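Numbering (the numbering used here), first residue to last: 131 to 255. Here a beta-carbon is modelled for each residue, glycine too, at the ideal position from N, C-alpha and C. Owing to the predicted nature of the structure, the values given are computational and were not obtained by experimental measurement.
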């Protein structure tokens, strides 16, 4: 949610995707809306050490999907993502390649394709 708000303009497509991600994790629309209203774009990134390997893959995949939702790449979004990927052990170079590939391929780059790419690039400790 911080990523969607970081550029100061949360698009309806970003909000819809966040609601879908929340629903897939059994979070109600009302709870997502409540959380979204409480998120401050200046807050720090929470501790990610407690995430499982699968949760890390989910996180990076969801970050890319949210960036893709409005069709724009903002510098603040990329900086936020770099902070996250460093903490979860994903290569900056692989992340840049992924983001470029997602925007080059458009609709052809599905969530499953993104997830597989993330899984192959993770260095789990």
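- By the Cβ test, the segment 202-211 is not in contact with the segment 152-163, since fewer than three Cβ pairs between them sit closer than 8 Å.
- Scanning its chain for C-beta atoms nearer than 8 Å, with the 5 sequence neighbours on each side dropped, one finds around residue 241 the residues 191 and 195, in chain order.
- The beta carbons of residue 228 and residue 251 sit closer together than 9 Å.
- Collapsing the DSSP output to three states places residue 197 in a helix.
- DSSP places residue 238 outside any alpha helix (DSSP H), giving it a letter other than H or E.
- When 220, 179 and 159 are compared, the shortest CA-CA separation from residue 193 is found for 220.
- Taking C-alpha positions only, residue 239 is separated from residue 246 by approximately 11 Å.
- A distance below 7 Å between beta-carbons, with the five flanking residues on each side excluded, links residue 231 to the following residues of its chain, in chain order: 239.
- Each of 159, 160 and 237 was checked against the Cα of residue 199, and the nearest Cα belongs to 237.
- Restricting attention to 226, 159, 207 and 217, the CA atom closest to the CA of residue 182 is found in 217.
- Ranked by how close their Cα comes to the Cα of residue 186, the residues 158, 215 and 160 have 215 in first place.
- Ranking 206, 188 and 207 by CA distance to the CA of residue 243 puts 188 first.
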